[in-house]
Structures are given as C-alpha cells and as structure tokens.
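S.K.:
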Amino acid sequence: MNISSLTESDICAKFITPAITAAGWDEHLQIRREFNFTDGHIIVRGNLHTRGKRKRADYLLSHRPNLPLAIIEAKDNTHSLGAGMQQALAYAEILDVPFVYASNGDAFIEHDRTTHQERQLPLDYFPSPQELWDRYRAAGSITPDVERVITEPYHVEISGKQPRYYQRIAINRTIDAIARGQDRVLLVLATGTGKTYTAFQIIWRLWKSGIKKRVLFLADRNILVDQTKTNDFKPFGTAMTKITNRIADPAYEVYLALYQAITGSEEKQKIFRDFSKDFFDLIIVDECHRGSAADDSAWREILEHFEGATQIGLTATPKETRYVSSSHYFGDPIYTYSLKAGIDDGFLAPYKVPKVNIDKQFLASPPDREFDHNPLISKRFQVGSMVPLRLYSS
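With our numbering, the residue at position 194 of the sequence shown is 411, and numbering never jumps.
What follows is the structure, encoded as structure tokens:
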C-alpha cells in the first residue's frame, strides 16, 4: 500500500481509528468523529445571511459523556507527523481538553497540556481511556470523593439535546469547584447562551450525586421563574415547587422563587426566614448583577441568611463599580463566555446599534451612582450607547 496516496479519510479509517479502538476506546460511547463544536459565524449581507465555516475536531475522545480527555487532528501522509498539532492545540484550548494528538498515519505526536510535554508514540501505543484518566486525575489532584461527584452523569434529554461546548465547560468547572469545597461561584455567560439550561445541569448532577439535597433558584422576574419550571427544570418533576403566596412548604427539594415573593419591607413578609438557616445547601441566583451583590440589596439579605449554602451567581454582565461588585461577593468568574465569542461561534446573531440624532435638553442618569450629580446638558447627542437616559423636553 502506498500510504502517501491515501486521503485524510483513508488515513483515519485504516490507521487512526483502528489504533484508538485497539487501545480500548469504545467507538460508540467514547469516540466522536468530525465533532462540530460551533455553528459558524453568521454573515449578513443586506436581507440575506449565510454561515461561515464551523470549527471541527477530527476526533474527540471522552472518559464519560461530556467529560472529554483528548483531541486528535488527522492529516494525510503528505503532511509531516505533527502538521495538525497547532490546530489541535487551538481547539483543545477552546474545548478545555487536556491531551492533544496529531497523526498522519505513521504514528502519533502527543502534547500533554497538564505538563506541556510532547512525545512521539507508535500507532500501537496509543493510551487507553483508563491511562489518560489516571494521568488527568494525578495532574488535577482529584481525590476519590471529588471523582465520584465530577463523574456523575448529565441529564440525558429524550430529544438527544447535548450541552454546547461552553455550557459543558461552565458545568464541569462548577461541579469540580464545588466538589473541592468552593462555596461561592460566579459564571458569566452572554445573554441568549443558555444560562438556565446550564444551571439545570449543575443542579441535576449535584443533586443526583447526593452532595446537595435542597436547592433554591432565585430570579427577579416572574416569567423567568415560570419558564424555568416548565422548560429546563421540568425533569425535577414532583421534587420541585415554586414558592407562591408567601408560603414556605418544607416538603420539596428544588425550590424556585421570585425574590420579591420571599422578601418584603416588613419582617413578617420575609418568608425566607421561615426556612432554617441550613435548610438549603445550594442557592443559584439568576441575573445576579441586578442587585444580589449589593450590600443593601434584598437578594443579599437572602444569601446572608443561608450563608452556609453553596451559592452560584449567573450573569451576562457582572457589576464592578465603587458601590457594587459581583466578584467581591462570588469571587472571580470560573468561566466566561462573552457576547463576542457567542457571535464568532454563530450561536448568537451579530447586531447593529441604530443611531438617531436628537437636539433636546436631557438629564443624564448614570447607573450605579458612579457620579455624584446629574448635570443638565443641552447639546446635540447621538443615541447609540447602552447607558439608560431619561429625556426631558426643554
């Protein structure tokens, strides 16, 4: 056989896939071929749109579903052995994968991102799933107790829905941090990228593993609570309730609440105090930038009452001002998926800010008290910023 005449697909079929399966990787459960992990940037031209090229890994190898360990980038034999390594390293950085391989059918080049060491391996010496998992555990100092939690399976949708790559990273990092004892976690995910679904999978895995038994999910709008209950959180079934009519029923395990429904200006309205301080062991605050980080906010009062619980803040826009700081309370984000990343990956559509010229007197009302006065300004102003304004006719 003239290997140099084979296509990349032939190299995969005749050399790489047989080498991986011979090492013990299950072709149906642990190997994903031609794994597309972005949708492709949306390109708009007038009233028409198309998509750019998706990012795709030739092989994604996983210890368990949604616990990826390795990426393999394949090239045909006219390329050098390590020709695909830089592309594979770039994908591994995005996907948060520890082991990276490149091959042209002659052998493998391995890059261990936990040690930054490289080595060449013959085709019949590809590491087994257990070998790579043991190396990953050792590099991450993963104890048996931590391992039991981080390997708890995801909830599997009947529809086949899987977490997107950035949701998986956010979920896995959160689970790992909590399994190691971290009690304050901040996740920053752009609007429209599925924060509620991410929260559901975090709760599900912690709940099923048994380390978190009673959960409180807080939101600031009724529609968010109702949609969460009927959509993403539906698998919790009869273990879940929405707190209504200021009634604290201790018979459930997963509670959803509008924070206004459990707080109030009078002590008798603060029904969250009807729960003992140690009743909840996990609290997730959706859109936590809206006030939970402020020392005098209603949400902060709830969080301080259940101070012994693990608390997770979800936001698209963390607040960092002189008066309010999300990171001061929750700590630095353990993962951030930005609006720009969402647009570049094609999960979010690009946008344009319409600009309208006006000539009126207006009173600028800066958010978060960043200024000590509200000057009356009379000039021509171009609307297009995201700072809210209160306009007044002269």
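The C-beta atom is built at its ideal place from N, Cα and C for all residues, glycine as well.
Which full runs of the beta strand (DSSP E) of 3+ residues lie inside the region 253 to 310, going along the chain?
M.R.: The region 253 to 310 contains these whole beta strand (DSSP E) runs: 259 to 262, 265 to 268, 273 to 281, 284 to 291.
S.K.: Of the choices R273, T408, L338, I428, whose alpha-carbon is the least far from that of A394?
M.R.: By 1-based counting over the sequence shown, the position of residue 394 is 177. Here the closest residue by C-alpha is I428.
S.K.: Can L278 and Q304 be called in contact, C-beta distance under 8 Å?
M.R.: Looking up residue 278 in the sequence shown gives position 61. Looking up residue 304 in the sequence shown gives position 87. Not a contact, by the Cβ cut-off of 8 Å.
S.K.: Per DSSP, what are the beta-bridge partners of I460 in this structure?
M.R.: Start at 1 with the first residue of the sequence shown, and residue 460 comes out as number 243. Bridge partners of I460: none, in fact.
S.K.: Are the region 469 to 479 and the region 394 to 408 touching, with three or more C-beta to C-beta distances below 8 Å?
M.R.: No, because fewer than three Cβ pairs between the region 469 to 479 and the region 394 to 408 fall closer than 8 Å, the two stretches do not touch.
S.K.: Measure the C-alpha to C-alpha separation of A465 and I488 and round it to an integer number of angstroms.
M.R.: One-based indexing of the sequence shown puts residue 465 at position 248. One-based indexing of the sequence shown puts residue 488 at position 271. So the alpha carbons of these two residues sit roughly 7 Å apart.
S.K.: Relative to the C-alpha of H280, which residue among K425, H522, T415, I367 is closest?
M.R.: Here residue 280 is taken as the residue at index 63 of the sequence shown, counted from 1. Of K425, H522, T415, I367, the residue nearest in Cα terms is I367.
S.K.: Apply the 10 Å Cβ neighbour rule to Q379 and answer buried if 16 or more other Cβ atoms are within range, or exposed otherwise.
M.R.: Position 162 of the sequence shown, counted from the first residue, corresponds to residue 379. Classification for Q379: exposed.
S.K.: Let's test the definition: count the other Cβ atoms within 10 Å of the Cβ of V314 and tell me whether it reaches 16, buried, or not, exposed.
M.R.: Locating residue 314 in the sequence shown gives position 97, where the first residue counts as 1. That one is buried.
S.K.: Do you know offhand how far A396's Cα is from K569's?
M.R.: By 1-based counting over the sequence shown, the position of residue 396 is 179. By 1-based counting over the sequence shown, the position of residue 569 is 352. Roughly 42 Å between the two C-alpha positions.
S.K.: Out of curiosity, what's the CA-to-CA distance linking D370 and R422?
M.R.: To locate residue 370, count along the sequence shown from 1; it is residue 153. To locate residue 422, count along the sequence shown from 1; it is residue 205. Per the sequence presented here, residue 370 reads as Pro, with Asp not at that position. One C-alpha to the other measures close to 7 Å.
S.K.: Assuming R401 contacts G525 under a Cβ cut-off of 8 Å, what Cβ separation, rounded to an integer in Å, is found between them?
M.R.: The residue labelled residue 401 in the question sits at position 184 within the sequence shown. The residue labelled residue 525 in the question sits at position 308 within the sequence shown. With a Cβ gap of about 12 Å, R401 and G525 do not count as contacting.
S.K.: Going by DSSP, which residues form a beta bridge with G427?
M.R.: By 1-based counting over the sequence shown, the position of residue 427 is 210. Beta-bridge pairing links G427 to no other residue.
S.K.: What do you get for D576, buried or exposed, if any count of 16 or more other CB atoms within 10 angstroms of its CB means buried?
M.R.: One-based indexing of the sequence shown puts residue 576 at position 359. Classification for D576: exposed.
S.K.: Count the other CB atoms, across all protein chains shown, that sit within 10 Å of the CB of P344; report buried if there are 16 or more and exposed otherwise.
M.R.: As a first step, residue 344 is located in the sequence shown; it is residue number 127 there, counting from the start. Buried, by the Cβ-count rule.
S.K.: Cα separation between G433 and I500?
M.R.: Here residue 433 corresponds to residue number 216 of the sequence shown, with the count starting at 1. Here residue 500 corresponds to residue number 283 of the sequence shown, with the count starting at 1. First, the residue type needs correcting, since residue 433 is Leu and not Gly in the sequence shown. So the alpha carbons of these two residues sit roughly 5 Å apart.
S.K.: What separation, rounded to the nearest whole angstrom, lies between the Cα atoms of D585 and C505?
M.R.: Along the sequence shown, one-based indexing puts residue 585 at 368. Along the sequence shown, one-based indexing puts residue 505 at 288. Here the model assigns D585 a pLDDT of 46, short of 50, so the residue's position is not dependable, and the following value carries that caveat. Between D585 and C505, the C-alpha separation is close to 15 Å.
S.K.: Out of curiosity, what's the CA-to-CA distance linking F450 and F417?
M.R.: Within the sequence shown, residue 450 is the residue found at index 233, counting from 1. Within the sequence shown, residue 417 is the residue found at index 200, counting from 1. Between F450 and F417, the C-alpha separation is close to 6 Å.
S.K.: Going by other Cβ atoms of all chains shown within 10 Å of its Cβ, with 16 needed for buried, is L608 buried or exposed?
M.R.: Within the sequence shown, numbered from 1, the residue matching residue 608 stands at position 391. Here the model assigns L608 a pLDDT of 37, short of 50, so the residue's position is not dependable and the matter cannot be decided.
S.K.: Give the C-beta separation of K272 and Y308 to the nearest angstrom, bearing in mind that I take them to be a contact with Cβ-Cβ under 8 Å.
M.R.: Position 55 of the sequence shown, counting from 1, holds the residue named residue 272. Position 91 of the sequence shown, counting from 1, holds the residue named residue 308. With 8 Å as the limit, K272 and Y308 qualify as a contact, their Cβ atoms being about 7 Å apart.
S.K.: What did DSSP end up calling S493 once you bin it into helix, strand or coil?
M.R.: Locating residue 493 in the sequence shown gives position 276, where the first residue counts as 1. Of the three classes helix, strand and coil, the one that applies to S493 here is coil, per DSSP.
S.K.: Just list the residues that DSSP pairs E335 with in beta bridges.
M.R.: As a first step, residue 335 must be located in the sequence shown, where it is residue number 118. The partner list for E335 (beta bridge, DSSP) reads H328.
S.K.: To the nearest angstrom, how far is it from the Cα of G563 to the Cα of P467?
M.R.: Along the sequence shown, one-based indexing puts residue 563 at 346. Along the sequence shown, one-based indexing puts residue 467 at 250. If you take the alpha carbons of G563 and P467, they lie about 43 Å apart.
S.K.: Could you spell out the range, first to last residue, of the alpha helix (DSSP H) harbouring G559?
M.R.: Along the sequence shown, one-based indexing puts residue 559 at 342. G559 -> alpha helix (DSSP H) spans 556 to 562.
S.K.: Where does A510 fall in DSSP's three states?
M.R.: Position 293 of the sequence shown, counted from the start, is the residue given in the question as residue 510. With a pLDDT of 47 at A510, under the threshold of 50, the predicted position of this residue should be treated as unreliable, though the coordinate-derived value follows. Reduced to three states, the DSSP call for A510 is coil.
S.K.: So what does DSSP say about Y318, is it helix, strand or coil?
M.R.: Within the sequence shown, residue 318 is the residue found at index 101, counting from 1. Strand, per DSSP.
S.K.: Compare the Cα-Cα distances from Q347 to each of H258, R381, W242 and report the closest residue.
M.R.: Position 130 of the sequence shown, counted from the start, is the residue given in the question as residue 347. Nearest C-alpha to Q347: W242.
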